[in-house]
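Residue numbers (our numbering), protein chains in the order written: chain Z, 282 to 756; chain F, 282 to 756.
And the structure:
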């Protein structure tokens, strides 16, 4: 049974060797006394992530270098206390939360971009830079860092890599792992390793960047990353359309490709999502709108003009109505307003949102949503579905009252059924959020025993004392 | 010291438990007697790869399923004999060669494409399909599998994944690992694991596909792969130009990006390469041609027209002369003839070709080539440089007489110096070929001790008896 939703707050701090006076004294020597937080109020912000369940650390450490992180981890192995790395702390599965106590290593002070190389298309950065700050730093140089998780204004690049963050642009540009060229990582046992390098092609030894990206802070703490950049596309355009059914809307996705257009993003909203934003913000969608599609293209100015017209034609041919095509950046921003309005709009349906991010082969999205709606009906729980139709990653949001135990129980059961549906449709239980402690009880639904055992063998080989981010992924 | 080039042929077979009568009997039970080859002539084709050094296996096994591969590996652990997986056997570093004897597991019979999904843009294939056959199978459906190692007509998809193969298109499309969605793999200890899935977004547990891709057959044997496809671009165009210097030619590479063009391929040939093809095939290049650039773009028909004109303008502005732009597929093929003529043309410079594939950040290519030329002069060894200017992966070919021990020694020393130069320029010793046994002696030049130790820890955790592909990567 997951702690998630069952034990929502654990106000008392755990007590491990991390709280021993001599350990704290050595930690103060390592990172400087001013960078060791133990006061209740000061550690409070490091106790939770977007899941909003509190697990206060015994101390928060704010190191400034790989050498300091290494010294912390060596001490943690010597004295056996848990260490949990933390970036922006905006994850949805508790990856950065110290569920077994010990120390949190915040990467807040490691926030320098070390090199932007326009000729060789890479950036070298410390982990504590926000995704947004990274994008802002490279774009004036005509460069582009595509991964764009919804939390990009607050998420750190280190966390993006640890969680292999996705986002809206992945239909065309893939996910974080496709941009990781090299990593400096401190292993659980304290050794500093340098995986990968500065080039897309690099086949020297095992691909440790491949293993570390998405390892949820369980195999090492990232202290530097070299990320691949692309030339910044000249322009973007967006087309918005409504459809009678989800099935019609999603049928456009492969049709774009058949028309030789690869959209940057194809976002879909289901009927409940449309009703929610309509009730709250009156965009003017009619009752016949059963699904809404937002489709963006990018490239040369002429290309986006042509490609957005092709998209317009495809959605009209596919039964889309109220079709709007942006002709400027401002018009485009306006079309995306509906997507941005969604999160605030659905809040009124419950104080608790079970925000799951299942993924299926994209042609199965309509069936997924139909079955999710039926699950919601069966468990008498309001559900809103929206997300990335272009890559099959749908955000299923069951809404209920946090203070109604029966409703919470029904919602939890609905979540488990939705995971089963996603797997049945050839997909899996998480496309973007990861496992952490929240989805750990469901891991064995998605992976068979030998596959989980392989992961555990790797974990044990690299973290024999189990000190790095314990209580995650495996139950 | 590498066995490579030192012990060119080892005619006698190793003798391990694999040759025991009872082991062979059990192997015949597992895969069927007709799929166990022990006869000298029949195992001969499985004794070498493109390195052309012979290490005959004690037996060749041709299993038809993951279950059979699993049974072989369990027996190998029980009786402790080496197992080496083999795809097309066209590698350049001996990855598929049984240097310590034992059995070779040939994937020849696992050659079925199981599913081509045009709507969801993936293909499910067995490992024994050639890269070319895979491309041929998907293209009529309007689909595109971009990785294109030079050996694509003979290389197997399984080997491409095991080696994380690159190719000419990687400047735009990346390498094999960017297309691996899911893998079925038999671990060294015989368990069958299923890593990843069918979707680009998948963050359920550690990214085992990331670790396995490029693991050179040392961490598992691939028995099925799910690979991402793209919509097939409508058209391609190529521009060919000569320059006085390598420096001028390579300066065009970032200039294309500044002009918002991302070429599919940017291939460069140095002066010695041009002289070689000119002497042999009389293309008509003048003595002033110090470098040659081949640049391809793809996309919509109109886009490639425009983008190839931009490329033409950039190369002319950058000092290019004798600039030719293809206007049809036939003209394009003709422009690429010079690249295809290269391998046969350089053969006359020696019976032995040390074909190395160093990689540097692409802006450092001119300096790399200048320093390689000086290394060649210092060691009195003819050297030809060509390769992928778009991604910094340059093929350095030292030519000498296989029967001249002094020349061979000089060439080997030159190779080691070139590796040091690549590392000094921020690159590494292999962009495409991998390590195998050939580059194992140089691994520690490119990776520091903790990074190598991390790899070894993973290897030991997954292959405690060291039976899978021993004698590779680590010396």
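For glycine and all other residues, C-beta sits at the position ideal for the given N, C-alpha and C.
- Look up residue 681 of chain Z in the DSSP assignment and give the residues it is bridged to. Here residue 681 of chain Z is taken as the residue at index 400 of the first chain, counted from 1. BP columns for residue 681 of chain Z point to Z:633.
- Rounded distance between the beta-carbons of residue 520 of chain F and residue 436 of chain F, thought under 8 Å: Working through the second chain from its first residue, we reach residue 436 of chain F at position 155. Working through the second chain from its first residue, we reach residue 520 of chain F at position 239. With a Cβ gap of about 28 Å, residue 436 of chain F and residue 520 of chain F do not count as contacting.
- Task: Mind listing the chain F neighbours of residue 727 of chain Z? Cutoff is C-beta to C-beta under 7 Å, in chain order.
- Result: Locating residue 727 of chain Z in the first chain gives position 446, counting from the first residue. Those within 7 Å of residue 727 of chain Z in chain F are 485.
- Distance, residue 379 of chain Z Cα to residue 321 of chain Z Cα: Indexing the first chain from 1 puts residue 321 of chain Z at position 40. Indexing the first chain from 1 puts residue 379 of chain Z at position 98. Each residue's Cα considered, the two are about 15 Å apart.
- Task: Using only alpha-carbon positions, find the residue among Z:295, Z:749, Z:756 and Z:714 that is nearest to residue 430 of chain Z.
- Result: Working through the first chain from its first residue, we reach residue 430 of chain Z at position 149. Nearest Cα to residue 430 of chain Z within the set Z:295, Z:749, Z:756 and Z:714: Z:714.
- Task: Can you give me the start and stop residues for the beta strand (DSSP E) that residue 340 of chain F sits inside?
- Result: Within the second chain, residue 340 of chain F is the residue found at index 59, counting from 1. First-last of the beta strand (DSSP E) with residue 340 of chain F: 340 to 342.
- Item | Cβ neighbour criterion (16 or more within 10 Å) applied to residue 567 of chain Z | To locate residue 567 of chain Z, count along the first chain from 1; it is residue 286. Its Cβ having fewer than 16 others within 10 Å, residue 567 of chain Z is exposed.
- To which residues of the same chain is residue 733 of chain Z closer than 8 Å at the C-beta, ignoring the five residues directly before and after it? For the purposes of this step, residue 733 of chain Z is taken as the residue at position 452 of the first chain. The residues are 724, 725 and 755.
- Any idea what DSSP makes of residue 295 of chain Z, helix, strand or coil? Looking up residue 295 of chain Z in the first chain gives position 14. Per DSSP, reduced to three states, the secondary structure at residue 295 of chain Z is coil, with no helix or strand assignment.
- Query: Going by alpha carbons, who is nearest to residue 433 of chain Z out of Z:654, Z:425, Z:444 and Z:414?
  - Reply: What you label residue 433 of chain Z is simply residue 152 of the first chain in a count that begins at 1. Comparing alpha-carbon positions, the option among Z:654, Z:425, Z:444 and Z:414 lying closest to residue 433 of chain Z turns out to be Z:414.
- Query: Considering only C-alpha positions, which residue in the set Z:447, Z:597, Z:400 and Z:593 is nearest to residue 608 of chain Z?
  - Reply: Numbered from 1 along the first chain, position 327 holds the residue referred to as residue 608 of chain Z. For the residues Z:447, Z:597, Z:400 and Z:593, the minimum Cα distance to residue 608 of chain Z belongs to Z:593.
- Task: Under 9 Å between beta-carbons, which chain Z residues line up against residue 447 of chain F? List them in chain order, please.
- Result: Along the second chain, read from residue 1 onward, the residue named residue 447 of chain F stands at position 166. Among the residues of chain Z, those whose CB is under 9 Å from the CB of residue 447 of chain F are 481, 482 and 484, following chain order.
- Item | C-alpha gap between residue 758 of chain Z and residue 386 of chain Z, whole angstroms | No answer is possible for residue 758 of chain Z: the residues shown for chain Z start at 282 and end at 756.
- Query: Cβ of residue 656 of chain F within 8 Å of Cβ of residue 649 of chain F?
  - Reply: Along the second chain, read from residue 1 onward, the residue named residue 656 of chain F stands at position 375. Along the second chain, read from residue 1 onward, the residue named residue 649 of chain F stands at position 368. Taking 8 Å as the Cβ cut-off, residue 656 of chain F and residue 649 of chain F do not qualify as a contacting pair.
- Task: Using a Cβ-Cβ cut-off of 8 Å, state whether residue 676 of chain Z counts as contacting chain F.
- Result: For the purposes of this step, residue 676 of chain Z is taken as residue 395 along the first chain, with counting starting at 1. Not closer than 8 Å to any Cβ of chain F, the Cβ of residue 676 of chain Z fails to qualify, so no.
- Task: Leaving out five residues on either side along the sequence, give the residues of the same chain with a beta carbon under 7 Å from the beta carbon of residue 620 of chain Z.
- Result: For this step, residue 620 of chain Z is matched to residue 339 along the first chain. Excluding residues up to 5 positions away in sequence, 548 and 575 lie with their Cβ nearer than 7 Å to the Cβ of residue 620 of chain Z in the same chain.
- Query: Since residue 649 of chain Z sits in a beta bridge, which residues does DSSP pair it with?
  - Reply: Locating residue 649 of chain Z in the first chain gives position 368, where the first residue counts as 1. Answer is none; residue 649 of chain Z lacks a bridge partner.
- Using 8 Å as the limit for Cβ to Cβ distance, is residue 399 of chain F near chain Z? As a first step, residue 399 of chain F must be located in the second chain, where it is residue number 118. It does; some Cβ of chain Z falls within 8 Å.
- Query: Three-state secondary structure (DSSP) at residue 397 of chain Z?
  - Reply: Within the first chain, numbered from 1, the residue matching residue 397 of chain Z stands at position 116. DSSP places residue 397 of chain Z in strand when its eight states are reduced to three.
- Excluding the five sequence neighbours on either side, which residues of its own chain have a C-beta within less than 7 Å of the C-beta of residue 349 of chain F, listed in chain order? Numbered from 1 along the second chain, position 68 holds the residue referred to as residue 349 of chain F. So the list reads 311 and 312, once near-sequence residues are dropped.
- Query: In chain order, what residues of the same chain have a beta carbon less than 7 Å from the beta carbon of residue 363 of chain Z, not counting five sequence neighbours either side?
  - Reply: Walking along the first chain from the start, residue 363 of chain Z turns up at place 82. Once the five neighbours on either side are set aside, the close Cβ partners of residue 363 of chain Z are 297, 379, 381, 382, 383, 748 and 751.
- If you draw a straight line from the alpha carbon of residue 426 of chain Z to that of residue 401 of chain Z, how long is it in whole angstroms? What you label residue 426 of chain Z is simply residue 145 of the first chain in a count that begins at 1. What you label residue 401 of chain Z is simply residue 120 of the first chain in a count that begins at 1. Distance between the alpha carbons of residue 426 of chain Z and residue 401 of chain Z is about 14 Å.
- Query: Roughly how many whole angstroms lie between the Cα atoms of residue 687 of chain F and residue 631 of chain F?
  - Reply: By 1-based counting over the second chain, the position of residue 687 of chain F is 406. By 1-based counting over the second chain, the position of residue 631 of chain F is 350. Cα to Cα, the separation comes out at about 14 Å.
- Tell me, please, whether the CB atom of residue 754 of chain Z is closer than 8 Å to any CB atom in chain F? Here residue 754 of chain Z corresponds to residue number 473 of the first chain, with the count starting at 1. So, interface residue.
- Task: Using a Cβ cut-off of 8 Å (strictly closer), state whether residue 441 of chain F contacts chain Z.
- Result: Taking the second chain and counting its residues from 1, one reaches residue 441 of chain F at position 160. The beta carbon of residue 441 of chain F sits no closer than 8 Å to any beta carbon of chain Z.
- Given residue 595 of chain F as reference, the closest of F:668, F:627 and F:541 once Cα atoms are compared: Locating residue 595 of chain F in the second chain gives position 314, counting from the first residue. Cα-wise, what sits closest to residue 595 of chain F is F:541.
- Residues near residue 440 of chain Z in its chain [Cβ-Cβ closer than 6 Å; skip 5 each side]: Translated into the one-based positions of the first chain, residue 440 of chain Z becomes position 159. 368 and 369.
- Message: Using only the alpha-carbon positions, how far apart do residue 417 of chain Z and residue 325 of chain F sit?
- Response: Taking the first residue of the first chain as 1, we reach residue 417 of chain Z at position 136. Taking the first residue of the second chain as 1, we reach residue 325 of chain F at position 44. When the Cα atoms are used, residue 417 of chain Z and residue 325 of chain F turn out to be separated by approximately 58 Å.
- Just grab the DSSP bridge partners of residue 403 of chain F for me. For the purposes of this step, residue 403 of chain F is taken as the residue at position 122 of the second chain. DSSP output for residue 403 of chain F lists F:398 and F:509 as bridge partner(s).
- Query: Does the Cβ of residue 628 of chain F have 16 or more other Cβ atoms within 10 Å, making it buried, or fewer, making it exposed?
  - Reply: Along the second chain, one-based indexing puts residue 628 of chain F at 347. Residue 628 of chain F is classed as exposed because its beta carbon has fewer than 16 other beta carbons within 10 Å across all chains shown.
- Would you mind stating whether residue 554 of chain Z and residue 616 of chain Z have Cβ atoms separated by less than 8 Å? The count along the first chain starts at 1 and reaches residue 554 of chain Z at position 273. The count along the first chain starts at 1 and reaches residue 616 of chain Z at position 335. Remark: C-beta atoms of residue 554 of chain Z and residue 616 of chain Z do not approach each other more closely than 8 Å.
- State yes or no: is the C-beta of residue 352 of chain F within less than 8 Å of the C-beta of residue 365 of chain F? If you number the second chain from 1, residue 352 of chain F lands on position 71. If you number the second chain from 1, residue 365 of chain F lands on position 84. Not a contact, by the Cβ cut-off of 8 Å.
- Can you list, in chain order, the stretches of the beta strand (DSSP E) that have 3 or more residues and sit fully within the region 473 to 508 of chain Z? If we require 3 residues or more, the beta strand (DSSP E) runs fully inside the region 473 to 508 of chain Z come out as 473 to 477.
- Task: Determine contact between the region 464 to 480 of chain Z and the region 500 to 515 of chain Z, defined as no fewer than three beta-carbon pairs at a distance below 8 Å.
- Result: In this structure the region 464 to 480 of chain Z touches the region 500 to 515 of chain Z; the number of beta carbon pairs closer than 8 Å is three or more.
- Which residues in chain F sit within 7 Å of residue 476 of chain Z, going by Cβ to Cβ distance? Within the first chain, the letter at position 195 stands for residue 476 of chain Z. Contact of residue 476 of chain Z with chain F by beta-carbon distance below 7 Å involves 732.
- Message: Quick check on residue 347 of chain F - is its C-beta less than 8 Å from some C-beta in chain Z?
- Response: By one-based count along the second chain, residue 347 of chain F stands at place 66. Cβ-Cβ to chain Z under 8 Å: no for residue 347 of chain F.
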